[in-house]
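There are 2 protein chains.
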Amino acid sequence: LGISTLIANNVYDAAYPLHDLLYREWARYGVFYKFQPIDLIRKYFGEKIGLYFAWLGLYTEFLIPSSVVGIIVFLYGCITIESDIPSKEMCDQHNTFTMCPLCDKFCDYWNLSSACSTARASHLFDNPATVFFSIFMALWATMFLEQWKRLQMRLSYFWDLTGLDEEEVKFQVIEQTEHIIQCFCLKASIVIKLTCMYISLQITLTFSAVFGVIVYRITTSAALSFSTNETTRSNVRVTVTATAVIINLVVILILDEIYGAVAKWLTEIEVPKTEKTFEERLILKAFLLKFVNSYAPIFYVAFFKGRFVGRPGHYVYVFEGYRMEECAPGGCLMELCIQLSIIMLGKQLIQNNLFEIGIPKMKDERTEPKKMDTSQPKDPQQWDLDYTLEPFTGLTPEYMEMIIQFGFVTLFVASFPLAPLFALLNNIIEVRLDAKKFVTELRRPDTVRAKDIGIWYNILSGIGKLSVIINAFVIAVTSDFIPRLMYQYTYSQNGSMHGFINHTLSYFNVSHLKAGTQPENSPFAQNILFCRFKDYREPPWSQNQYEFSKQYWAVLSARLAFVILFQNLVMFLSILVDWMIPDIPKDISEQIKKEKSVLVDFFLKEEHEKLKLVESFITHDKRKHKSGAEDQRIRAASLSQFNQSQKGSIASFSSQHTVV
Amino acid sequence: LGISTLIANNVYDAAYPLHDLLYREWARYGVFYKFQPIDLIRKYFGEKIGLYFAWLGLYTEFLIPSSVVGIIVFLYGCITIESDIPSKEMCDQHNTFTMCPLCDKFCDYWNLSSACSTARASHLFDNPATVFFSIFMALWATMFLEQWKRLQMRLSYFWDLTGLDEEEVKFQVIEQTEHIIQCFCLKASIVIKLTCMYISLQITLTFSAVFGVIVYRITTSAALSFSTNETTRSNVRVTVTATAVIINLVVILILDEIYGAVAKWLTEIEVPKTEKTFEERLILKAFLLKFVNSYAPIFYVAFFKGRFVGRPGHYVYVFEGYRMEECAPGGCLMELCIQLSIIMLGKQLIQNNLFEIGIPKMKDERTEPKKMDTSQPKDPQQWDLDYTLEPFTGLTPEYMEMIIQFGFVTLFVASFPLAPLFALLNNIIEVRLDAKKFVTELRRPDTVRAKDIGIWYNILSGIGKLSVIINAFVIAVTSDFIPRLMYQYTYSQNGSMHGFINHTLSYFNVSHLKAGTQPENSPFAQNILFCRFKDYREPPWSQNQYEFSKQYWAVLSARLAFVILFQNLVMFLSILVDWMIPDIPKDISEQIKKEKSVLVDFFLKEEHEKLKLVESFITHDKRKHKSGAEDQRIRAASLSQFNQSQKGSIASFSSQHTVV
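From first to last, the protein sequence lines are chains A and B. At position 485 of the first sequence the residue is numbered 485 (full-length UniProt numbering), and the sequence of numbers has no breaks. At position 245 of the second sequence the residue is numbered 245 (full-length UniProt numbering), and the sequence of numbers has no breaks.
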């Protein structure tokens with residue numbers, strides 16, 4: 001009967017619920033190359049989830065061009081690596097630079113050519129194309145936000161959301177547990193104080209974690225350099241960096257989970273009035289905490305590491321005799337790049353694979369045998385199965401993951417042009433993974449209408465703005481771009497890069513090393529007078545020995561001038577892009593206008609017909625009874641009054657009616 | 001009869017048209033302290049003009065706090081002038097600095113103490129309070145724009161403009177004269193090329209005018225310094241500066257008139273499709289031209305003057321032997337301040353008093369006798385009088401004047417904290433002057449509806465953004481704020497400002513002056529070895545003599561760092577202010593929401609009543625005729641169909657209805 005009869009009669013080939021259709025067309029890895037069936041998703045899950053997947057889809061699409069440009073920039077680095085004079089000079093054995101020891105007493109003087117491979121690798125990410133790429137990515141972010149505004153407008157038109165006033169959708173006071181009602185009695189000021197206290201406590205916790213890892217790095221590298229084993233000592237840097245980044249990653253993953261819970265608890269004790277304000281406050285708090293957590297170690301490497309080292313003979317010491325850590329000879333940019341790639345990839349792999357695939361699988365396997373037991377009675381199977389599914393707990397974690405990724409793609413893109421590629425690869429999986437989760441692993445969520453993605457848009461646009469200034473600083477301060485440029489156009493004799501390495505290294509008179517910090521058992525010690533270190537300082541034979549040299553200040557000026565130029569140029573271009581792309585697609589705005597006039601016409605026509613209908617009754621009445629004039633007059637008067645009020649309401653309707 | 005009978009019966013005391021009421025309550029200088037009767041203005045002149053006066057009123061109100069703060073900042077300068085060590089040191093006769101001559105051959109060495117008064121005066125505008133004031137003004141501009149958005153929203157609610165779709169208001173192709181229709185045939189690309197060409201031509205014209213004045217200044221000061229008259233020579237700088245600024249002012253006033261006409265002509269040949277696009281394009285072009293025209297000389301003084309002078313012994317020469325001009329010894333900020341105040345005040349006085357009061361008065365007087373002649377027949381007097389009035393030509397010149405003034409108030413406020421005060425004084429007159437013009441001197445304009453002030457808002461917000469970066473540069477580069485700070489915290493021996501003047505002056509060995517450029521007949525020449533000049537350069541006894549010194553680069557770094565810090569801090573605060581003040585006032589948004597639900601209720605009630613009415617007809621029908629069942633059924637069917645369609649339309653209405 002019904003659909004099955006039709007199938008039996010070959011009217012239809014097959015029939016299955018929307019659920020299964022969604023699974024076939026959307027929630028499989030096999031269809032990764034296809035656009036998502038957004039309208040179906042919206043029909044099944046509601047507008048809010050539909051908007052999330054539409055946003056995720058657009059973001060993933062936008063990652064394609066940026067990945068391509070990122071790969072080109074990376075390839076440019078690979079191709080020009082052979083023609084890069086500074087790294088060539090560094091590898092050149094004839095041109096030896098004897099560097100000052102990297103640690104007190106146990107480290108020896110060393111040859112700069114031993115850092116040759118790092119220098120070559122860092123050229124991959126530290127070349128002029130990166131400057132172009134970070135301008136490109138800033139404009140990309142603006143363009144993405146603009147296109148999203150347009151897509152959102154289009155969806156909200158086709159999904160009939162233009163008139164939706166979200167605040168009216170839900171007005172639900174959260175009062176689930178006792179302790180909340182108890183907190184109700186707390187004064188608002190106490191809640192705010194508590195919130196501020198907790199947030200600062202959490203941020204302090206993050207900073208201490210970062211600091212802890214720094215201390216770990218300093219002490220371990222010091223400890224390892226005492227080692228008598230030659231191979232241990234030569235691999236100190238690699239060992240320490242690798243372990244430290246992994247510790248960072250683990251700390252981030254753990255704190256991430258804690259912070260999510262803390263933010264939720266904090267928002268609950270605030271007792272916000274509506275679902276919407278609850279969500280917004282939760283998101284803001286969670287975002288603040290997770291942002292600091294994810295980026296603190298990266299910020300440290302980008303802007304602070306190696307900047308408070310002091311100089312040979314006058315190092316900065318922490319904790320009784322531990323020297324502050326320096327960047328690798330290839331520059332801090334290389335380390336930033338390693339840090340970024342490991343944290344980004346690790347976070348994605350672990351959070352996606354372990355938390356989103358692995359743990360549900362494990363749970364599945366554990367519940368599998370149970371299911372087999374209860375599957376004896378055939379009928380109740382489906383709802384029992386559905387009951388075992390996890391409940392839906394909101395889109396916040398999904399958005400949060402993507403926004404943090406958006407940060408990796410935009411904030412430090414100057415140091416890691418492959419970030420968009422990794423994000424793209426992750427997202428192609430992520431879309432289908434989320435789809436699978438929604439279709440097969442979660443109970444079907446209540447549909448919620450939503451006009452836009454809410455506060456996430458503001459967060460995205462904030463990240464976009466922040467990325468401009470951060471990229472400006474990464475290029476100007478962390479990379480060697482400005483010193484190279486300065487050397488080529490100001491200090492170089494013949495406009496070439498020959499002699500750049502020599503120019504960036506200052507001299508140090510080894511006899512000025514403090515007693516007890518000289519290298520022990522050094523084969524060099526007898527032969528050398530001066531060792532070199534990377535900084536712009538006056539040579540030992542100058543009057544103001546070891547003070548910052550004129551070059552230092554000139555290069556610093558150039559760096560800062562670059563920041564100003566870059567920031568204002570990119571901001572200007574962003575405003576231009578924003579201004580040139582209209583927020584509402586032209587076809588939609590025309591459609592809305594047309595519809596509005598059709599609607600007004602329709603109302604007027606309706607009125608006209610109504611009038612006619614009523615009149616026809618009256619004439620009908622009249623024709624049949626010539627008597628009853630009194631009765632008739634009353635009716636006519638009430639009718640005319642009715643018509644007037646009707647017209648009034650149309651007038652007020654058309655004046656109030658608004659097109660966004 | 002009518003109103004006059006009522007007055008005679010003492011029901012009313014008096015009666016007069018809205019016109020006269022407006023004159024009494026609004027268009028008189030006597031009521032300058034009162035709020036404007038915006039609703040009356042809107043009723044008489046329409047929404048567009050109402051919005052202009054509302055905007056002007058809000059702007060004038062906002063000028064009050066900024067004037068007060070500006071006066072306080074200025075007073076702070078006056079009070080601390082005695083305790084300012086650098087200007088004191090400069091005036092101190094014992095501490096003589098012999099400065100290098102200001103021109104070749106004819107100028108002598110001079111004592112820095114002779115510039116004492118300028119230095120003291122420049123302290124009035126160049127003190128730490130100015131930094132605070134320019135941050136204040138940047139936030140003030142943001143706050144003003146936010147408050148305007150709110151006021152606009154409020155007005156558009158009370159004036160029933162929320163539903164207004166402006167593009168539908170007018171669709172009028174401009175085709176007045178033959179040459180336009182002829183231009184119609186020109187291809188669009190030619191028009192665009194022509195426009196670009198003309199605009200660049202005009203901008204070139206402005207720059208040549210500025211350059212011309214510079215040349216005038218250089219040559220005149222050279223010519224005057226040849227003079228044998230002692231008093232002429234001592235007043236060279238004052239004479240030249242004063243005349244040059246006046247020439248600048250005259251050029252600005254003349255070009256302003258030309259540019260207005262050119263912009264209009266250019267937009268006419270573009271043949272835009274609607275009145276609105278016509279206006280927007282005209283405004284953009286006129287604004288671009290007038291902006292460049294008004295600010296080019298000020299930009300020159302702020303950022304370029306005195307920066308390409310060269311140094312003693314190696315001056316930069318233009319036109320065979322004329323040296324580039326330097327700033328006065330008190331610094332360029334003082335000159336910027338003079339330039340700003342003269343151009344701002346001159347523009348306001350001349351454009352207001354001469355163009356807006358004087359010329360209409362003169363015309364009035366010329367038409368007065370005519371009126372006396374034609375006033376014999378009593379009846380046609382009023383419309384004859386009205387016919388002699390000028391026609392209304394749009395609000396663009398009024399807005400333009402105010403926007404250029406807004407630029408003076410925000411863009412360079414760091415160098416002239418009294419600008420808001422002058423603007424306030426001007427605007428108190430301007431409001432009533434414009435009012436008078438609209439009420440008594442112009443024919444009553446056609447009322448035009450408008451939802452907002454259109455493109456002017458974007459221009460204002462653009463000026464606000466630009467002001468942040470310009471003020472940052474004025475403080476960092478033009479003023480002596482950063483060098484003072486640097487000296488106090490880095491170079492000074494005891495943390496005081498003693499010795500600052502000496503620190504900013506470099507040494508020059510007079511024997512290095514090129515032959516023929518030494519001062520003739522100098523009484524000093526025999527006794528001195530070194531003269532001083534204001535710059536950070538290596539002394540003659542250094543290895544790299546006269547190169548930029550380390551201090552130069554260090555100070556430059558500090559200046560640029562300040563720009564970055566200032567810009568980002570102010571931008572962050574502006575975003576915060578923008579975010580914290582909601583665009584729609586709370587009472588209005590609640591009112592709109594309430595109204596919407598009332599409207600929906602009303603429609604539903606209407607439907608219900610309609611249904612009842614129709615049903616009563618049917619029962620009425622039925623009661624009177626038990627027969628005619630066939631007829632009855634048809635009618636009932638059509639009625640239920642009608643009801644259905646009616647409900648459908650309400651549903652679509654409520655889903656389409658939008659609140660901005």
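C-beta atoms are modelled at their ideal positions from N, C-alpha and C, and glycine is treated no differently.
Length-filtered (4 minimum) alpha helix (DSSP H) runs lying within the region 400–439 of chain B: Taking only runs of at least 4 residues, the alpha helix (DSSP H) segments lying wholly in the region 400–439 of chain B are 419–436.
According to DSSP, residues forming a beta bridge with A:Tyr315: A:Gly310
Residues of the region 560–576 of chain A with Cβ closer than 9 angstroms to any Cβ of chain B, in chain order: Leu560, Ala561, Val563, Ile564, Gln567, Asn568, Met571, Ile575
Test: A:Ala556 CB closer than 8 angstroms to a CB of chain B: The identity of residue 556 of chain A in the sequence shown is Leu, whereas the question assumes Ala. Answer yes: the Cβ-Cβ gap between A:Leu556 and chain B drops below 8 angstroms somewhere.
Where A:Trp110 falls: helix, strand or coil (DSSP): strand
N-terminal and C-terminal residue of the alpha helix (DSSP H) that residue 661 of chain B is part of: Nothing about residue 661 of chain B can be reported from this structure: the residues present for chain B run from 1 to 660 only.
Under 9 angstroms by beta carbon: chain B residues contacting A:Lys514: Correct list: empty, because the minimum Cβ distance to chain B is about 26 angstroms.
Exposure of B:Phe408, with buried meaning 16 or more beta-carbon neighbours within 10 Å: Around the CB of B:Phe408, 16 or more other CB atoms lie within 10 Å, so the residue is classed as buried.
Spatial distance of A:Asp108 from A:Pro519 (CA atoms): Between A:Asp108 and A:Pro519, the C-alpha separation is close to 5 angstroms.
Cβ pair count under 8 angstroms reaching 3, the region 554–567 of chain A against the region 552–560 of chain B: Segments in contact, yes.
Through-space distance from B:Ala302 to B:Arg24, alpha-carbon basis: 45 angstroms
Touch test, the region 339–359 of chain B against the region 241–251 of chain B, Cβ-Cβ under 8 angstroms, three pairs minimum: yes
Burial state of A:Asp84, where buried means 16 or more other Cβ atoms lie within 10 Å: Looking at its Cβ environment, which holds 16 or more other Cβ atoms inside 10 Å, A:Asp84 is buried.
Own chain partners of A:Cys337 with C-beta closer than 7 angstroms, once the 5 adjacent residues on each side are dropped: Phe125, Ser415, Phe416
Bridge-paired residues (DSSP) for B:Tyr52: DSSP, once it has assigned bridges, lists no residue as partnering B:Tyr52.
N-terminal and C-terminal residue of the beta strand (DSSP E) that B:Leu505 is part of: 505–509
Closer than 8 angstroms to chain A by CB, B:Trp553: Yes, contact with chain A.
Straight-line Cα distance separating B:Thr388 from B:Lys436: Between B:Lys436 and B:Thr388, the C-alpha separation is close to 16 angstroms.
Simplified DSSP state of A:Leu288, which is helix, strand or coil: helix
The region 48–60 of chain A contacting the region 138–152 of chain A, beta-carbon criterion three pairs below 8 angstroms: yes
C-alpha distance - A:Ala419 paired with B:Thr410, whole-angstrom precision: 41 angstroms
Which residues DSSP lists as bridging B:Ile534, in chain order: For the sequence presented, residue 534 of chain B should be read as Lys rather than Ile. Looking at the DSSP assignment, B:Lys534 forms a beta bridge with B:Leu505.
Interface residues of the region 453–469 of chain A facing chain B [CB-CB below 9 angstroms]: Asn458, Gly462, Lys465, Ile469
Distance CB(A:Asn471)-CB(A:Ala129) smaller than 8 angstroms: No Cβ-Cβ contact shorter than 8 angstroms links A:Asn471 with A:Ala129.
Within-8 angstroms CB hit, B:Lys586 to chain A: no
CA nearest to the CA of B:Phe97, picked from B:Cys531, B:Asp104, B:Pro585, B:Lys593: B:Cys531
CA nearest to the CA of B:Tyr399, picked from B:Glu275, B:Gly331, B:Tyr457: B:Tyr457
Environment of A:Trp579 [buried if 16+ CB atoms lie within 10 Å]: Classification of A:Trp579: exposed, given that the 10 Å Cβ count is below 16.
B:Asp446 versus B:Tyr44: straight-line alpha-carbon distance, rounded: 10 angstroms
Which of helix, strand or coil DSSP assigns to B:Glu320: Reduced to three states, the DSSP call for B:Glu320 is coil.
Beta-bridge partners of A:Thr490, as assigned by DSSP: The partner list for A:Thr490 (beta bridge, DSSP) is empty, contrary to what the question assumes.
Alpha helix (DSSP H) segments (min. 4 residues) lying fully within the region 78–148 of chain B: List check, alpha helix (DSSP H) in window: 85–91, 116–123.
Within chain B, partners of A:Lys605 - CB distance below 7 angstroms: The premise fails here: A:Lys605 is roughly 10 angstroms from chain B at the closest Cβ pair, so nothing lies under 7 angstroms.
Assumed close pair A:Asp583, A:Lys290 - CB separation to whole angstroms, cut-off 8 angstroms: About 29 angstroms; that fails the 8 angstroms criterion.
Meets three-Cβ-pair contact criterion under 8 angstroms: the region 300–315 of chain A and the region 255–267 of chain A: A contact is defined here as three or more CB-CB pairs under 8 angstroms, and the region 300–315 of chain A fails this definition with respect to the region 255–267 of chain A.
heavy atom of the ligand MN below 7 angstroms from B:Glu547 C-beta: The model depicted lacks the ligand MN and carries no ligand whatsoever.
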